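In full-length UniProt numbering, the protein residues as written are 1 to 269.
Built from N, CA and C at the ideal position, the CB exists for glycine as well.
As the structure is a prediction and not an experimental result, all values here were calculated from the model.
Below: one structure, written as structure tokens.
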Amino acid sequence: MNGKKILFVSSELVPYLPENEVSLMSYEAPRMVNSNGGQIRIFMPRYGNINERRHQLHEVIRLSGMNLVINDMDMPLIIKVASIPKERIQVYFIDNEEYFKRKATFTDKQGNLFPDNDQRAIFFAKGVMETVKKLNWSPDIIHVHGWMASLLPLYLKKYYTDEPLFADSKIVLSVYGKTFEGSLDKDMVKRISFDGIPEEEIASLGDPTYNNLLKVAVDYSDAVILASEDIPEELENHISNQEKPVLPYVPVQEFEEAYANFYNTEVLK
Numbered sequence: 001m002n003g004k005k006i007l008f009v010s011s012e013l014v015p016y017l018p019e020n021e022v023s024l025m026s027y028e029a030p031r032m033v034n035s036n037g038g039q040i041r042i043f044m045p046r047y048g049n050i051n052e053r054r055h056q057l058h059e060v061i062r063l064s065g066m067n068l069v070i071n072d073m074d075m076p077l078i079i080k081v082a083s084i085p086k087e088r089i090q091v092y093f094i095d096n097e098e099y100f101k102r103k104a105t106f107t108d109k110q111g112n113l114f115p116d117n118d119q120r121a122i123f124f125a126k127g128v129m130e131t132v133k134k135l136n137w138s139p140d141i142i143h144v145h146g147w148m149a150s151l152l153p154l155y156l157k158k159y160y161t162d163e164p165l166f167a168d169s170k171i172v173l174s175v176y177g178k179t180f181e182g183s184l185d186k187d188m189v190k191r192i193s194f195d196g197i198p199e200e201e202i203a204s205l206g207d208p209t210y211n212n213l214l215k216v217a218v219d220y221s222d223a224v225i226l227a228s229e230d231i232p233e234e235l236e237n238h239i240s241n242q243e244k245p246v247l248p249y250v251p252v253q254e255f256e257e258a259y260a261n262f263y264n265t266e267v268l269k
């Protein structure tokens, strides 16, 4: 991985959120690349249940201040940063008072999905891309983890298609087991099509279930990693019908060599 630039975009990340498959691998994969001489950037949402004082988050004024248009509304983008001390890894946080101030990640106290989760996902995808543009950092690989980040492959290929910074970037999608039941807002297609992405290309998001979100992410990715043993059969079938590199599931204790080889021999070939 020496000298390769990899952008990690994740829904969740330890130590900022509790450990699960997504948050743990979103930490371990960048750590592996970093220790093998690669250059990394990590982005995640700044949910309100992340303790800013304990983790020493601070706003990056030169990156903050722009507005992102979500469904014809101007939404201010705030960028914060923190470091994972023992690894000397820097993490960028996408923040907005409307979308990420609440003291939870994806659901309310009753376990119901937040009604604006679709808008939060759009804002996160566009926020990451706009911030990387400001950093003027051209990644060789963009590795996506978790459903809140799942719109990024679509936006990169359809909304940022003419952006030279990403012209040679390859998208790797880690697919995990089902992490929410039900559907996001049924107007999600309209909100995405507002950005000039044709509705017929995202027709499956007419019912924005977990599986359908990930199917769209698979369609616009260059390679797929099966990051859980228990992936929905519907998703597995969709992935197997694609003519793109797929890395079968590897336990976290054994992933380092497998991921590095996959990056080098299948994604960057």
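- Query: Which residues in the same chain as residue 77 place their Cβ atom closer than 6 Å to its Cβ, once the five residues preceding and following it in sequence are excluded?
  - Reply: 66, 68 and 127
- Message: Residues in the same chain with beta-carbon distance under 7 Å from residue 23, minus the five sequence neighbours each way, listed in chain order, please.
- Response: 12, 13, 14 and 17
- Item | Contact belief for residue 9 with residue 142 at Cβ below 8 Å, rounded distance in angstroms | 6 Å
- Task: Give the single residue among 120, 111, 255 and 85 whose Cα lies nearest to the Cα of residue 96.
- Result: 120
- Item | Buried versus exposed, by CB contacts within 10 Å (16 or more), residue 82 | buried
- Message: On the CB-based measure, 16 or more other CB atoms within 10 Å of its CB, does residue 115 come out buried or exposed?
- Response: exposed
- If you count every other CB in all the chains shown that lies within 10 Å of the CB of residue 131, and 16 or more means buried, which is it? buried
- Item | DSSP three-state assignment for residue 103, whether helix, strand or coil | coil
- Message: Using the Cβ count rule (16 or more neighbours within 10 Å means buried), how would you classify residue 147?
- Response: buried
- residue 222 to residue 98 span [Cα, whole Å]: 33 Å
- Query: Would you say the stretch 209 to 217 touches the stretch 172 to 181, given that touching needs at least three Cβ pairs under 8 Å?
  - Reply: yes
- Between which two residues does the alpha helix (DSSP H) containing residue 202 stretch? Careful: residue 202 lies outside any alpha helix (DSSP H) and carries neither H nor E.
- Do the stretch 214 to 232 and the stretch 259 to 266 touch if we need at least three Cβ pairs shorter than 8 Å? yes
- If you count every other CB in all the chains shown that lies within 10 Å of the CB of residue 196, and 16 or more means buried, which is it? exposed
- Is there a Cβ from chain C that is less than 8 Å from the Cβ of residue 82? The structure shown contains no chain C; it is built from a single protein chain.
- Under a Cβ-count criterion, where at least 16 other Cβ atoms within 10 Å of its own Cβ denotes burial, should residue 164 be classed as buried or exposed? exposed
- Query: Pick from 79, 38, 266 and 124: whose alpha carbon is nearest that of residue 144?
  - Reply: 124
- For my contact list, residue 122 and residue 191 are in at a C-beta cut-off of 8 Å; report their separation, rounded to the angstrom. 6 Å
- Query: Taking just the CA atoms, how far does residue 232 sit from residue 162?
  - Reply: 34 Å
- Per-residue burial, residue 54 [other beta carbons within 10 Å of its own, 16 or more giving buried]: exposed
- Message: With distance defined between alpha-carbon atoms, name the residue in 137, 104, 255 and 93 nearest to residue 43.
- Response: 93
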